[in-house]
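Working notes, beginning with the structure itself.
2 protein chains.
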Amino acid sequence: MRIYNFAAGPATLPLEVLEQARDELLDWRDGGMSVMEVSHRSKAFVRVAEQAESDLRELLAVPDGYKVLFLQGGATGQFSAIPLNLAGPDATADYLNTGQWSKKAIGEARRYLNVKVVADEKDSNYTTVPLAANLAFTAAAAYVHYTPNETIGGVEFPYVPETGGVPLVADMSSTILSRPIDVARFGLIYAGAQKNIGPSGLTVVIVRDDLVGRARELTPTVFDYQAMVEAGSMLNTPPTFGWYVAGLVFQWLKRQGGLAAMERHNRAKAARLYDAIDASPYYGNPVDPVCRSWMNVPFTIAKPELEKTFVAEAAAEGLANLEGHRSVGGMRASLYNAMTMEGVEALTAFMAEFERRYG
Amino acid sequence: MRIYNFAAGPATLPLEVLEQARDELLDWRDGGMSVMEVSHRSKAFVRVAEQAESDLRELLAVPDGYKVLFLQGGATGQFSAIPLNLAGPDATADYLNTGQWSKKAIGEARRYLNVKVVADEKDSNYTTVPLAANLAFTAAAAYVHYTPNETIGGVEFPYVPETGGVPLVADMSSTILSRPIDVARFGLIYAGAQKNIGPSGLTVVIVRDDLVGRARELTPTVFDYQAMVEAGSMLNTPPTFGWYVAGLVFQWLKRQGGLAAMERHNRAKAARLYDAIDASPYYGNPVDPVCRSWMNVPFTIAKPELEKTFVAEAAAEGLANLEGHRSVGGMRASLYNAMTMEGVEALTAFMAEFERRYG
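Residue numbers (this note's numbering), protein chains in the order written: chain A, 1 to 359; chain B, 360 to 718.
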């Protein structure tokens, strides 16, 4: 029996995608081999790779003048790769601190250049984002970095910061493909795959041409955008199975109607869950309503001593992985693209029943 | 229908492993989720990760005092990570050049320190390895690097170099797990997974404790052995599916009788194929017989104009991916652990038939 999986990542994948991967796992495209066993330089795999890139470009409406890379190392690898590729050691980069992932990106960047934290939401316990009007960037900054959605805090920017010509860099790991975005606003977008793209071990980077070819001398070649652009992301053997599954997810997204349809789907799911939380004083969500995440919904119950009971009883009813992140406690429901409205409704029904029994 | 896949990597995997991965792809351990959808920090996945490490340690008889890491970035990522972790910019490291992969490792290392090429087999067109007696290492070298098996040239060392106390570093991507090795002879062993371990996108590093904790200041944290040791290879989300499949492969290897059994199996397969090549002047292999690879067997035919015909007709009979590497031409049969003796016999039968028809 498949359950509803609310994990924050690795996370639920579309059932159709998993079924296709399973059905062809031993004999892919009638070749008598698994896609895992196929050379990344074979015609068959190169077609998969190119189709995945083309579908991703179509879904995100990536304009000309951007490269799309399929890399290894995760978003955490990019925390290092971004300063190494975009700036020298004496440069300054502006970072917005809106949660645990921003903080990690800042910590790593500080090893490579001067970081100026131009907004810090720590005092709100990461339940807010800065007001657009309050943002002031360093004119000479090499780039501005922010985290549009914080997976742990459940906070997301309702706007794209206006940086006035400074390249904007965004860690979209937990929000990419959840809705249309205007890629032209960004210098660089990166995302670990394990939320809305596919299995872990694959990292997508979308980078504007003028930011490619500027890597520092000691950048490991696998993290040098220019080297990877020249090699079509195949400077060395890429994570082929992850790339293939990502391609299946992109095809699935197109069949769903693309990102406009995903936006409606995700907005509706989030609204349903926040409505359930707000409808009763038994449940709470600490995040400023203007920046509540559609993807990751942390919530509390009036009797924190019952949190373990909540998580365990939910799991027994097929609602899995609702425990909050260890750093914030409480509960958290992640509602990535592959989470269905049925899953959210099963959760809200369970919440009502739980309150009735224990409230 | 499954075929015999002689690809050099990504490469054939054990059928039992693929069948298990397929059977539980949608519902892993009755959890109602795919293993791809499970948090890397969940108890269930941590058990998989720990079991894989423990099985790998058992298979290779890794002594105490070594760490085992499951990383991203491929062997090519390690080409950078090794100098970054093991030596300062003014240090010298000795490298043995025995083929295309040695050469790439050397090229990357030169960016980070002084490389002394202490043996260079280029003049033999990479058909030899240096004589052990001719090797002289730099006493003050930070480490000695070599490539025990060259995937492209089909050359392998019949011995482990004696470095007299200098840490020995080996790129074992295409030979790891093919036979027992004495890990204590090495300071560091690394391998991309996509040959004898599992799907691409996973990199195994086995490193002696005294070589951990010495990374240069600007080493990307995902490439810092110390940081990864402290995090149990989970500093960030690891390639969970690859790690899981690698674990299935390790279990399969144990069921086969471990690496002593693999040695017999691989020795016999290679002997069968080299015997067929040597039995007829129609086939040739340029490698010095003392260092012919068990894993990758390049071979030529007397009429090179028929190479494409050979590859195509072999493929039509279910013997796939026999084309040689683009840099050397001819044919190549890779005989990793998962290649069966039946596959090798089907190939030698085809070779005899091809010679009869076209010779």
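Cβ coordinates follow ideal geometry from the N, Cα and C atoms, glycine included.
Check: Per the contact definition of three or more C-beta pairs closer than 8 Å, is the segment 498-506 of chain B in contact with the segment 525-541 of chain B?; Outcome: yes
Check: So, with DSSP's three-state summary, where would you put A/N296?; Outcome: strand
Check: Taking the DSSP output, what are the residues bridged to B/V566?; Outcome: B/K426 and B/L547
Check: How many Å lie between A/G258 and A/L59 at the Cα?; Outcome: 6 Å
Check: Hey, would you say A/A268 sits closer than 9 Å to A/L202, going by beta carbons?; Outcome: no
Check: Looking at C-alpha atoms only, which residue of A/T128, A/V68 and A/V35 is the closest neighbour of A/V290?; Outcome: A/T128
Check: Quick check for students: name the residue ranges of the beta strand (DSSP E) that lie wholly in the segment 601-671 of chain B, counting only runs of 3 or more.; Outcome: 655-660
Check: Counting only Cβ pairs nearer than 7 Å, list the residues of chain A close to B/T510.; Outcome: Going along chain A, no residue has its Cβ under 7 Å from B/T510, so there is no contact; the nearest lies around 11 Å.
Check: Looking at B/R651: is its Cβ nearer than 9 Å to the Cβ of B/G557?; Outcome: no
Check: Does the beta carbon of B/V503 come closer than 9 Å to any beta carbon on chain A?; Outcome: no
Check: Can the beta-carbon of A/L319 be found closer than 9 Å to that of A/F350?; Outcome: yes
Check: Can you check DSSP and say which residues form a bridge with A/L168?; Outcome: A/V144
Check: Would you say A/N196 faces chain B, with C-beta separation under 9 Å as the test?; Outcome: no
Check: Name the residues in the segment 80-109 of chain A whose C-beta lies less than 8 Å from a C-beta of chain B; which are they?; Outcome: S80, A81, L84 and E108
Check: When you compare the CB of B/S413 with every CB in chain A, is at least one pair closer than 9 Å?; Outcome: no
Check: Is A/F223 close to chain B? Criterion is C-beta to C-beta, closer than 9 Å.; Outcome: yes
Check: Taking 9 Å as the CB-CB cut-off, is A/F241 touching chain B?; Outcome: yes
Check: Using a Cβ cut-off of 8 Å, which residues of the segment 427-439 of chain B contact any Cβ in chain A, in chain order?; Outcome: Q431, G432, G433, A434, T435, G436, F438 and S439
Check: Compute the Euclidean distance between the alpha carbons of A/R41 and A/D30, then round it to the nearest angstrom.; Outcome: 18 Å
Check: Return the chain-ordered ranges of every alpha helix (DSSP H) run that is complete within the segment 397-426 of chain B and spans a minimum of 4 residues.; Outcome: 402-419
Check: Classify A/S34 as helix, strand or coil using the three-state DSSP reduction.; Outcome: coil
Check: Can you name the residues of chain A whose CB is closer than 7 Å to the CB of B/S350?; Outcome: Nothing can be reported for residue 350 of chain B: it is not among the residues displayed for chain B, which extend from 360 to 718.
Check: Can we say the segment 329-343 of chain A touches the segment 6-15 of chain A, given the rule of at least three CB pairs closer than 8 Å?; Outcome: yes
Check: What did DSSP end up calling B/K554 once you bin it into helix, strand or coil?; Outcome: coil
Check: Three-state secondary structure (DSSP) at A/A8?; Outcome: coil
Check: Would you give the residue range spanned by the beta strand (DSSP E) that B/R381 belongs to?; Outcome: Not the beta strand (DSSP E): B/R381 falls in the alpha helix (DSSP H), residues L374 to D382.
Check: Excluding the 5 residues preceding and the 5 following B/P645 in the sequence, name in chain order all residues of the same chain whose CB lies nearer than 8 Å to its CB.; Outcome: N484, T486, P657 and T659
Check: Report yes or no: do the segment 432-446 of chain B and the segment 545-559 of chain B share at least 3 C-beta pairs separated by less than 8 Å?; Outcome: yes
Check: For the 8 Å Cβ check, are there 3 or more pairs between the segment 78-92 of chain A and the segment 577-590 of chain B?; Outcome: yes
Check: Identify whether B/Y454 lies in helix, strand or coil by the three-state DSSP scheme.; Outcome: strand
Check: Closest by CA to B/I636, which one among B/D569, B/T599, B/S592 and B/L706?; Outcome: B/L706
Check: Quick one: is A/N5 near chain B, going by C-beta distance under 9 Å?; Outcome: yes
Check: If B/V564 sits next to B/Y549, beta carbons under 8 Å apart, how far is it from one beta carbon to the other, in whole angstroms?; Outcome: 5 Å
Check: Using DSSP with H/G/I as helix, E/B as strand and the rest coil, what is B/N473?; Outcome: strand
Check: Counting only the same chain and skipping the five closest in sequence on each side, list residues whose C-beta sits under 7 Å from that of A/G99.; Outcome: Y126, T147, E150, I152, G153 and V155
Check: Where does B/E704 fall in DSSP's three states?; Outcome: helix
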